[in-house]
Structure formats: C-alpha cells, structure tokens
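Notes follow the structure.
Structural data, given as structure tokens:
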C-alpha cells in the first residue's frame with residue numbers, strides 16, 4: 078500500500094468568478110443600473126462627509142502597539158482587534174497605541190513622514 082499524499086494542493090479557479098461553482102445559481106446583470114450607481118455614489122459621498130480620512134484606511138484595521146520607553150524599534154507589535162490590544166497592554170505598562178495608516182500620504186520621492194501629536198488621558202473611570 079502506497080503512503081497517502083497529505084500535502085495541501087493549490088486550487089486553481091477561473092479568473093472570471095461567474096464560472097465558480099458557488100455562483101452558478103446567481104443571476105448576473107450586464108452592468109449596474111443608473112439608479113444603483115447614483116445610490117452608491119450618494120452613500121460614498123455621505124461616508125466621506127462624516128469620515129474625511131476614509132481614503133487613508135485600508136482593509137487590515139492595523140494598529141501598532143509599542144513600548145513607551147524609547148525602545149528604538151524593539152518590542153513593536155501590529156494588532157487587529159481591541160481585545161488583543163487590551164490584553165497586550167494589560168501585560169505591561171507604558172504602551173503607545175497608534176492607528177496604522179495603510180495608505181499614507183507620501184512626499185516627493187515616495188517617502189513617508191509623520192506628525193506627532195501627544196494626548197494625555199487623565200482617567201478611564203469616568204473617562205475625562
């Protein structure tokens with residue numbers, strides 16, 4: 078008896094997702110209707126009015142957590158969820174948490190820059 082191959086094999090799919098088996102029963106239209114485009118555009122404009130920096134956000138919801146004791150790059154971690162951040166911060170004191178800007182504004186030769194702003198939180202209960 079030959080040993081069974083337990084390695085994971087890559088699944089290849091057509092580029093056109095309309096050919097995927099999961100979507101065989103889906104009804105496809107040639108293009109969105111004008112009404113749908115107008116509703117979508119209106120919704121995006123409303124989001125941009127309420128959240129001016131929406132263009133800086135990406136899909137990862139990435140946060141940077143680092144020691145606040147001038148560690149010069151050591152101990153920096155990236156996290157995605159509030160419970161993960163709170164657990165990490167509870168295990169050690171003096172942490173800095175920053176939102177990672179996934180699509181930053183770049184200067185002339187593609188260089189990133191930062192503007193540093195410090196905030197002091199005086200109390201958490203009640204939040205002042």
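In the numbering used here, the protein residues as written are 78 to 205. Think of the CB as a built atom: it goes at the ideal place given N, C-alpha and C, for glycine as much as any other residue. Computed from a predicted model, the values in this text were never measured in an experiment.
Quick one: give me the first and last residue of the beta strand (DSSP E) that residue i is part of.
i: residue 172; result: 172–176
For residue i, report the span of its alpha helix (DSSP H) as first-last.
i: residue 124; result: 111–127
i: residue 165; result: 159–167
Helix, strand or coil for residue i? Go by DSSP, reduced to three states.
i: residue 185; result: coil
i: residue 144; result: strand
i: residue 190; result: coil
Can you list, in chain order, the residues of its chain whose CB lies under 8 Å from that of residue i, leaving out five sequence neighbours each side?
i: residue 157; result: 137, 138, 139 and 140
i: residue 166; result: 142, 172 and 174
Can you tell which of the options has its C-alpha closest to the C-alpha of residue i?
i: residue 191; options: 151, 162, 199 and 181; result: 181
Report yes if the CB atom of residue i is closer than 8 Å to the CB atom of residue j, and no otherwise.
i: residue 125; j: residue 131; result: yes
i: residue 183; j: residue 189; result: yes
i: residue 144; j: residue 152; result: yes
What residues in its chain sit with their C-beta under 7 Å from that of residue i, if we drop five residues either side in the sequence?
i: residue 90; result: 97
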